Each structure stands twice: as structure tokens, then as C-alpha cells.
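Undergrad: Okay, here's the structure, questions in a sec.
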């Protein structure tokens with residue numbers, strides 16, 4: 001196996017460890033679950049044993065809805081907010097089916113005296129970024145028995161393609177997880193034999209539709225399951241599965257069963273052949289929201305559990321991306337000259353220990369890191385030009401608390417699964433509501449609380465209104481005084497509260 005596999009247990013448990021703190025989410029689908037629920041959903045008992053060893057006994061809502069349908073062979077379009085357990089929602093049925101099909105194949109070939117020819121690739125999982133692909137690999141390997149971890153293998157860009165090809169030929173994995181470019185490359189040179197593979201998973205499928213992936217994705221989708229017995233099962237997964245995305249995916253996955261989950265009501269329905277703008281996928285309970293209510297975020301304060309925004313739902317809009325429902329949002333006016341210093345003050349005011357700071361262009365990351373470091377803040381940058389070892393080392397140090405801030409570009413927005421991230425700060429505006437949602441989804445994962453603050457120059461302020469309407473979530477204006485940040489209409493800003501003095 002490639003060297004990434006050796007850290008499977010340590011890093012894969014990020015998601016499943018978070019799950020132990022999210023059992024309350026299961027109650028939204030009909031009450032507390034019993035320890036037998038994964039077995040009742042059809043998950044292979046070898047996987048449920050590993051889940052039990054890791055303390056994971058109760059499925060989240062998306063897992064309750066997706067697993068039995070996937071086990072039945074249905075093609076699905078799954079929309080759920082990031083951090084809701086979506087990776088296990090498809091990896092558990094994919095691995096369960098892969099193990100059973102592989103055993104049936106071996107038994108059949110053994111009876112014919114051809115057991116040595118067994119080893120058909122059972123599933124291909126495609127992700128748009130290396131980080132997301134490796135997260136999926138680690139989760140898959142972690143839920144398999146130790147002796148079977150070679151059944152899941154990575155095929156990502158940035159790693160040695162020769163070693164990947166050798167590992168595929170030697171291990172005959174049941175599931176390969178990779179990025180479009182590398183999977184297409186291995187398919188073209190004959191290493192990736194996927195004609196008889198009848199399961200395909202497209203994670204963050206809205207990003208896989210991007211023009212830079214077009215040629216590779218056509219290759220992958222055309223080859224996977226080309227000669228399989230029966231129709232291919234395809235799972236589309238994303239926090240942004242609007243009608244336009246589903247329409248573009250029709251050739252890849254015609255008429256999937258649509259499954260939308262949130263903290264509120266669930267809706268699952270077959271997708272129409274030509275999705276219409278009026279097909280609303282449901283969402284969290286509607287109502288009037290005042291943003292952060294009475295939150296004041298003084299140093300050392302714990303975030304209040306008052307989260308009544310519709311993040312995670314749609315608030316009456318049909319195409320809004322989904323976000324974790326435990327987020328608090330706000331925007332802060334800023335002068336261009338003091339943008340980085342304001343960022344530093346916001347991090348201190350929120351008492352954030354691990355903040356992800358988003359910028360639009362990678363070339364500006366180092367300048368921001370330099371300015372923060374010069375003011376005594378431990379921080380680092382994560383950019384697209386770093387090699388695999390550098391990226392893994394930076395992420396590991398951020399996770400263990402060596403850096404208080406990690407400055408990233410949107411290339412790193414997908415696939416980062418850092419449970420400890422307590423704040424997302426948009427130093428530069430996201431390009432649209434979808435990008436906002438994917439940035440925001442890096443915090444507040446698996447039921448934890450999180451904060452999203454966007455720094456905005458005066459000419460940009462109108463954009464926040466558009467984002468708020470598009471997302472169906474209140475994004476109140478904030479102000480900062482004497483180490484506190486709160487909405488401008490918060491009770492904190494009264495005659496008796498902090499007033500005129502700006503923090504230096």
C-alpha cells in the first residue's frame with residue numbers, strides 16, 4: 001500500500017470521533033437509535049464491529065436515509081451539510097456491497113477452478129481534491145478489519161503514479177478512491193480496469209462538473225460499469241445539489257432518487273427527468289431570525305446554543321447550498337489598509353483557537369501569514385503548490401494546535417475535515433453562495449458550534465444581502481469594541497456596554 005495507508009487509524013477517526021458527539025442528530029429521524037441500528041440498515045457485520053470498537057453505534061440522519069436505499073441498489077442524489085456523516089453514509093453501503101460481491105465472485109470462480117482470477121474492482125469513488133479523497137480513504141480503511149484495509153486504495157494526483165499502479169495490480173482493491181486526473185490517467189494506461197465495476201460515487205459532484213475536470217470525468221463515467229451485469233449504481237453527493245447540478249448530471253446518473261437531509265424535516269423523492277426550478281428540497285423550520293441573538297464572544301466565552309438560523313435548510317429557496325445548522329454568521333466592515341489587523345483582532349475577540357482564513361488568490365496567502373506572524377500570531381498557509389508531505393504536515397500541526405490560524409485559498413475548501421476548527425473567517429469575499437457554504441462548512445462539523453465572519457469593504461456590502469437571501473440565513477452586521485464582537489443591534493451595545501474606544 002502507499003504510505004498514506006499507514007496513518008489510516010489515526011486520521012480516519014476524525015469523522016467517526018466527531019460522530020460520538022452528534023447522536024442528537026439521529027433523533028431528528030424518529031428518536032434515539034439502538035446499537036443495532038447499523039445492522040438493521042443492512043451494513044455488513046464486519047463493518048459494524050469496527051464501528052462499535054470506535055464507539056460509533058448510532059447513525060446520523062443522512063446515514064439512516066441513504067444506507068438502506070444504497071444497499072437496495074438505488075442510484076441516489078444525496079444533499080447534506082458538511083460534517084453530517086455523509087462519508088460513512090455512502091462508504092458503509094459501498095463497502096458492504098463490495099465485500100459481499102467479492103465473496104460471491106470468489107466462490108463462483110473457486111468452483112470453476114479459477115479462484116486466482118478473482119479480484120474485480122467493485123467501486124470507484126471520485127473526489128475533486130486530494131484532501132477529500134484521502135479523507136475518504138482513511139474513513140474507508142478505518143471501518144474495515146485490519147487485515148482488509150488494502151481493499152481501499154487511493155489514486156490521487158501529487159502521489160507517485162508508478163507506485164499507485166503497482167499497488168493496484170498487487171492488492172486488487174475492491175474500492176479505489178481518487179481525483180479525476182489520476183483516475184483517468186490510470187484508466188487510459190490500462191491499470192484501472194473498471195468495465196465490470198457497477199458502483200460509482202461522485203463526491204462533491206457539483207465541483208466535478210467544473211470545466212477543468214470535463215475530459216477526465218467523461219473518461220471515468222464512460223468506463224466505469226461499461227460491461228457490468230445490470231445497470232450501474234451511481235451515488236451523487238454534495239452540499240450543493242440544486243436543480244441545475246442535477247440536470248447537468250443526467251448523463252452520469254439518469255433520474256436518481258433525491259435525498260435531502262437537514263436538521264429539520266426530511267424530503268426524499270425521485271428526481272424528475274428534467275428538474276424544474278420549483279422543486280424545493282425542504283429545509284429547517286422557517287421563522288424570523290436575528291442572527292447571533294445575545295452572543296457577545298468576549299474572551300473565554302463559550303458560544304451560546306442559540307442557533308435559530310435556517311443554515312442547513314433552504315428558507316424557502318429551492319437551490320440554496322446546505323451548511324451545518326449550528327453555525328452563527330456575521331459580517332464586519334473593514335478598511336482595506338487594516339484588513340489583516342482586523343482579522344487578527346477578530347480571531348482574538350472570538351477566542352478562536354483554530355481559525356480557517358479564506359482568501360481568493362493563493363499568491364496573497366504568504367503576505368497575510370507574514371503580517372499575522374509579525375504581530376505575534378502563530379499561523380501558516382495551505383496552498384495548491386505545496387507537495388503532499390508539506391500539506392499533510394501543515395494540516396497535522398493545525399489540528400494539534402501549533403497554529404492558531406490557517407490561511408487557505410478555495411482550492412483547500414473541499415475535503416478539509418478538521419473537527420477542531422471553531423471559526424471560518426472570509427478575509428476576502430467568496431464568489432457566490434455555493435462557495436460561501438463550502439467555506440462555512442469547514443466549521444460547525446458534526447453538531448459542534450461554529451462561527452463564520454466575513455470582512456467586507458464598503459463597496460462590497462451589498463454582496464452580503466445577496467448571500468443572505470441566496471443561503472436563506474441571517475448574516476447580521478457586526479461591530480467590535482474592547483475585545484468583543486457582536487451584531488450591531490445586540491443588547492451588548494447599550495449605553496452601559498462598551499462604546500467608543502477601539503482596540504488597538
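Residue numbers (full-length UniProt numbering): 1 to 504.
Glycine included, every Cβ here is placed at the ideal spot set by N, Cα and C.
Since the model is a prediction, treat every value here as computed from it, not as a measurement.
Since residue 153 contacts residue 136 with CB under 8 Å, what's their CB separation in whole angstroms?
TA: That pair is no contact at about 11 Å.
Undergrad: Would you list the one or two residues that DSSP bridges to residue 328?
TA: According to DSSP, which records beta bridges pairwise, residue 328 is partnered with 451.
Undergrad: Pick out whichever of 464, 60, 365 has its Cα sitting closest to the Cα of residue 447.
TA: The shortest C-alpha separation from residue 447 is found at 60.
Undergrad: Need the endpoints of the beta strand (DSSP E) that residue 260 sits in, please.
TA: First-last of the beta strand (DSSP E) with residue 260: 257–260.
Undergrad: Specify, as a first and last residue, the run of the alpha helix (DSSP H) that residue 162 falls within.
TA: Element bounds for residue 162: 161–171.
Undergrad: DSSP state of residue 130, grouped into three classes?
TA: Here residue 130 sits in helix by DSSP.
Undergrad: What does the Cβ neighbour count give for residue 369, buried or exposed, with the cut at 16 atoms within 10 Å?
TA: By the neighbour-count rule (16 or more Cβ atoms within 10 Å), residue 369 is buried.
Undergrad: Just to confirm the assignment, what range does the beta strand (DSSP E) spanning residue 176 have?
TA: 175–178 is the span of the beta strand (DSSP E), which, as asked, contains residue 176.
Undergrad: State buried or exposed for residue 485, treating a residue as buried only when at least 16 other CB atoms are found within 10 Å of its CB.
TA: When all chains shown are included, residue 485 counts as buried.
Undergrad: Report yes or no: do three or more beta-carbon pairs, one from the region 208–217 and one from the region 153–164, lie closer than 8 Å?
TA: The region 208–217, when compared against the region 153–164, does not touch it at the 8 Å Cβ threshold.
Undergrad: Which class does residue 409 belong to by DSSP, given the choice of helix, strand or coil?
TA: Here residue 409 sits in strand by DSSP.
Undergrad: Quick one: what does DSSP say residue 428 is sitting in, helix, strand or coil?
TA: DSSP places residue 428 in coil when its eight states are reduced to three.
Undergrad: Nearest-angstrom Cα distance between residue 42 and residue 129?
TA: Each residue's alpha carbon lies about 30 Å from the other.
Undergrad: Thinking C-alpha only, which one of 387, 439, 396, 341 is nearest residue 375?
TA: Among 387, 439, 396, 341, the Cα nearest to that of residue 375 belongs to 341.
Undergrad: Got a sec? Which residues, its chain only, sit under 8 Å from residue 180 by beta carbon, not counting five neighbours each side?
TA: Contacts found: 126, 128, 208, 213, 216, 217, 220.
Undergrad: With respect to the alpha helix (DSSP H) encompassing residue 233, which residues constitute its N-terminal and C-terminal limits?
TA: Not the alpha helix (DSSP H): residue 233 falls in the beta strand (DSSP E), residues 233–238.
Undergrad: From residue 263 to residue 471, what does the alpha carbon distance come to, in whole angstroms?
TA: Because residue 263 sits at a pLDDT of 42, beneath the cut-off of 50, its placement in the model cannot be relied upon, and the point is left open.
Undergrad: Which residues in the same chain as residue 270 place their Cβ atom closer than 6 Å to its Cβ, once the five residues preceding and following it in sequence are excluded?
TA: Only weak support exists for where residue 270 lies, its pLDDT of 43 falling under 50; the value from the coordinates is given anyway. Contacts found: 257.
Undergrad: When the Cα of residue 332 is compared with those of 476, 197, 182, which residue comes out closest?
TA: Considering only alpha carbons, the answer is 476.
Undergrad: Give me the Cβ distance between residue 261 and residue 62, rounded to the nearest whole Å; I'm assuming they're in contact under 8 Å.
TA: Between residue 62 and residue 261 the Cβ distance is about 4 Å, and since that is below 8 Å, they are a contact.
Undergrad: Can you tell me whether DSSP reads residue 205 as helix, strand or coil?
TA: Helix at residue 205.
Undergrad: Should residue 428 go down as buried or exposed, given a rule of 16 or more other Cβ atoms within 10 Å for buried?
TA: Answer is buried; the Cβ neighbour count reaches 16.
Undergrad: So, using beta-carbon positions, are residue 81 and residue 359 closer together than 9 Å?
TA: Contact flag unset, no.
Undergrad: Taking buried to mean at least 16 other C-beta atoms within 10 Å of its own C-beta, is residue 398 buried or exposed?
TA: So residue 398 ends up on the buried side.
Undergrad: Can you give me the C-alpha to C-alpha distance between residue 285 and residue 327, rounded to a whole angstrom?
TA: In this prediction, residue 285 scores a pLDDT of 25, lower than 50, which makes its location untrustworthy; no coordinate-derived value is stated.
Undergrad: Between residue 516 and residue 390, what straight-line distance do the alpha-carbon atoms span, to the nearest angstrom?
TA: This structure cannot speak to residue 516, because the chain is shown only from 1 to 504.
Undergrad: Please check the pair residue 194 and residue 223, which I expect to be a contact at CB under 8 Å, by giving their CB distance rounded to whole angstroms.
TA: Confirmed, Cβ separation roughly 5 Å.
Undergrad: Is it true that the CB of residue 419 sits closer than 9 Å to the CB of residue 439?
TA: Contact flag unset, no.
Undergrad: Given 8 Å as the limit, is there contact between the region 86–98 and the region 37–51, that is, 3 or more CB pairs closer than that?
TA: Yes: at least three Cβ pairs fall under 8 Å.
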